[in-house]
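*Asks:* Quick note, the sequence shown lines up with residues 79 to 304 if you use the working numbering.
Each residue gets a CB set at the ideal place from its N, CA and C atoms; glycine is no exception.
Here it is: the structure, laid out below.
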Amino acid sequence: MRLAVPPGVFRPRSDSWLLARWVRAEVRPGAAVADVCTGSGLLAVTAAVAGAGTVAAVDVSRRAVVAARVNARLNGVRVRALRGDLLEPLDAESFDLVVSNPPYVPASTDELPAAGPARAWDAGRDGRALLDRICSQAPARLRPGGAVLLVHSNVADADRTLSLLRDRGLTADVVERAPGPLGPLLRERRAALERRGLLNPAAAGEELLVIRGWLPAAASRRAGLG
């Protein structure tokens, strides 16, 4: 895959590529896919290359939206890239797959950065400012049999992600755990995270988690979503 990442746009890292592998496996031919917090557009382009019928990519960053469009062209696929807040620009559209590698690094304040590189990773004091909203919004946008795929660190409370998705009618599980060393931001903030109980003082590293939430067709009919 050809990927251009201009200054000011989140450069794909291990979590991005981990989720991209699951996106390739999950996409069905002709599927409608939404990539929320798209960054460079890696996941959106991956879905399009894998055979999705339509792909929408959303980011609050203008530069990210431009990057997603450029990377779609570089790879010869069509991606509709939009600037906006999570799923809001997509109106009432429904999808077979919603994917996201959102900001999830716990910060010193709940106020999210309005601009600058930290906007790509800072996510409130518990790291869940975007995750909670995605888990609340995405299930209602799924078509019968559709799925949500998310990736984040275990520092950002996977149990809460699972609980939110299950509360909204999805069958949700951690489908992959990828242990590794703490990233540079978590190392820098380690003392503060330990004081707030977000990181075990004995932890040598973190786990990147891929979480899949699936909406059974029968459940969507009972809930009036199908």
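#1: Classify proline 85: buried if its beta carbon has 16 or more other beta carbons within 10 angstroms, exposed otherwise.
#2: Might you give, ordered along the chain, the residues of its own chain that have their beta carbon closer than 8 angstroms to the beta carbon of arginine 219, omitting 5 neighbours on each side?
#3: Return the CA-CA distance between alanine 198 and leucine 228, expressed in angstroms with no decimal places.
#4: Of the choices Val123, Val157 and Asp237, whose alpha-carbon is the least far from that of isoleucine 289?
#5: Measuring only the C-alpha atoms, how far is proline 294 from alanine 269?
#6: Can the beta-carbon of proline 184 be found closer than 9 angstroms to that of cysteine 115?
#7: Does the distance from the CB of valine 148 to the CB of alanine 82 come in under 9 angstroms?
#8: Considering only the alpha carbon of each residue, which of Arg246, Asp235 and Gly224 lies closest to arginine 203?
#9: Quick one, are the C-beta atoms of alanine 134 and alanine 122 less than 9 angstroms apart?
#10: If threonine 239 and leucine 286 are in contact, beta carbons under 8 angstroms, what's the gap, nearest whole angstrom?
*Replies:* To lay it out plainly:
#1: By the 10 Å Cβ count, proline 85 comes out exposed.
#2: Only Ala112, Leu165, Leu168, Glu171, Ser172, Phe173 and Val176 meet the Cβ criterion.
#3: Spanning the two alpha carbons is a distance of roughly 15 angstroms.
#4: Among Val123, Val157 and Asp237, the Cα nearest to that of isoleucine 289 is on Asp237.
#5: Cα-Cα distance, rounded: 42 angstroms.
#6: No. Outside cutoff.
#7: Taking 9 angstroms as the cut-off, the beta carbon of valine 148 is found closer than this to the beta carbon of alanine 82.
#8: Comparing alpha-carbon positions, the option among Arg246, Asp235 and Gly224 lying closest to arginine 203 turns out to be Asp235.
#9: Going by beta carbons, alanine 134 and alanine 122 fall inside the 9 angstroms limit.
#10: About 13 angstroms separates the two Cβ atoms, so there is no contact after all.
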